[in-house]
Structures are given as structure tokens and as C-alpha cells.
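Q: I'd like to ask some things about the structure below.
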Amino acid sequence: AMKKTGLKRGGIMFAAEGKWMLELMGTQNLAVPVKKGAKVLIERDYLKHLLQRANEKLKKNYALLKKFEKNCRRLLE
Numbered sequence: 001a002m003k004k005t006g007l008k009r010g011g012i013m014f015a016a017e018g019k020w021m022l023e024l025m026g027t028q029n030l031a032v033p034v035k036k037g038a039k040v041l042i043e044r045d046y047l048k049h050l051l052q053r054a055n056e057k058l059k060k061n062y063a064l065l066k067k068f069e070k071n072c073r074r075l076l077e
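Under the UniProt record's numbering, the first residue of the sequence shown is numbered 1, with each subsequent residue one higher.
Encoded structure:
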């Protein structure tokens with residue numbers, strides 16, 4: 001189901017008695033330093049741009065999760 005969905009990797013981990021955690025890794029991520037200590041490293045306009053990009057990626061991640069769920073349900077039928 002992961003390959004059909006386009007996910008890079010993932011796994012199921014035991015978290016606690018009766019609790020399991022599913023971790024999925026895709027290609028939609030964003031990591032940018034914006035502050036170091038008290039010093040802001042980027043301009044306000046660039047921060048707005050980053051927030052727009054982050055929101056776009058979040059929407060893609062939600063769509064990817066729906067697709068993954070659909071593929072998993074097919075496999076479990």
C-alpha cells in the first residue's frame with residue numbers, strides 16, 4: 001500500500017500496552033531555520049512565503065493519507 005501511495009518509508013511501532021504507532025515518511029517536508037536564539041534570520045515576506053508553501057505541502061500530505069487509507073482498506077477486504 002505504501003508504494004502504491006508514493007510513500008518513501010514507514011513502520012508500525014509498539015507504543016504502550018494496547019497502543020501502536022504508525023509512522024509514514026513521504027516527500028512533502030519543509031525544514032528551514034527562521035530564528036537562532038533571539039535573532040530572526042529571515043524577512044517577514046519570506047516567512048509568509050514559507051507559510052504558504054508549508055500549507056500547500058500539508059494539503060498534499062492530507063491527500064496522501066487519504067490515498068494510503070484507501071489502498072490499505074482495499075488490501076484488507
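Every residue gets a Cβ at the ideal spot worked out from N, C-alpha and C, and that includes glycine.
These numbers were taken from a predicted model, which means no experiment stands behind them.
1. Are there three or more Cβ pairs, one per stretch, closer than 8 Å when the region 63-70 is compared with the region 2-13?
2. Please decide whether glycine 26 counts as near chain D, where near means a Cβ-Cβ distance under 9 Å.
3. Can you find at least 3 beta carbon pairs, one from the region 14-33 and one from the region 54-66, that sit closer than 8 Å?
4. Which two residues bound the contiguous alpha helix (DSSP H) that contains glutamate 17?
5. Return the CA-CA distance between cysteine 72 and lysine 8, expressed in angstroms with no decimal places.
A: For this structure:
1. Verdict: yes, contact present.
2. Within the model displayed, chain D is absent; a lone protein chain is all it includes.
3. yes
4. Element bounds for glutamate 17: n/a, residue is neither H nor E.
5. Their backbone Cα atoms lie some 16 Å apart in a straight line.
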